[in-house]
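Single-structure report; data block below.
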Amino acid sequence: MAQPTLPAAFLPFLPDAAMALEIPARTAADPVADRLGLDDLFPGGFVDEQAALACLSGILLVRNAFARSHDVCQDLDTAEGRYWHGILHRREPDPANARYWMARVGRHPVHRWLAEDLAAGTGSGEAATVPEASLLGRDGRWDPVRFIDACAARGMTAESRRRLEAIQMHEARLLLAHGAMLAAHG
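Sequential numbering of the sequence shown, starting at 0, is according to numbering that gives the first Met the number 0.
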């Protein structure tokens, strides 16, 4: 399966910058996130409500609307809902809870795309380096637990943080595109 692309309807709701590894302690009120709904993301409708709700949770998380994102994803019993739940707890940061949710996701198409992009040097927008390669298992697959551990590491450099944030944003965009495809086509 080829990588899906983000729907144009999602683009106005995505921030310009990569989301921080951790949810900011204080976030300004976000009137867009407060009123964002499925009709905003899927103006032409959708066929899979669970996939559409996972996309809503993801957009809210990317916008740092942590509580509302959690309210949505905690009730989704789908791989995409569990994936957003794992990202949310990774950013909390609660690595143990993030590992739990990522284990419940299992293998996911986003993992293959992330591994391919990191191997090609496109996952963080730059040529692949040893830190990015270390996020892949010996079999060359994306390893979500390694990524959780990398994001939770103490004393990382500003450059490492920036690169991990770029990878995290790439992961979020891939997951949103995949979820939008599922929502639109079932």
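We put the CB at the ideal spot given by N, CA and C, even for glycine.
A distance of 9 Å or more separates the beta carbons of A179 and P42.
Looking at the backbone, the Cα of G120 and that of R162 are separated by about 12 Å.
In the DSSP assignment, A7 falls outside any alpha helix (DSSP H), carrying neither H nor E. Under the three-state reduction of DSSP, L75 is assigned to coil, being neither helix nor strand. In summary, P143 is buried, with 16 or more beta-carbon neighbours lying within 10 Å of its beta-carbon over all protein chains present.
Separation of T26 and S133 (C-alpha to C-alpha, rounded to the nearest whole angstrom) is 32 Å.
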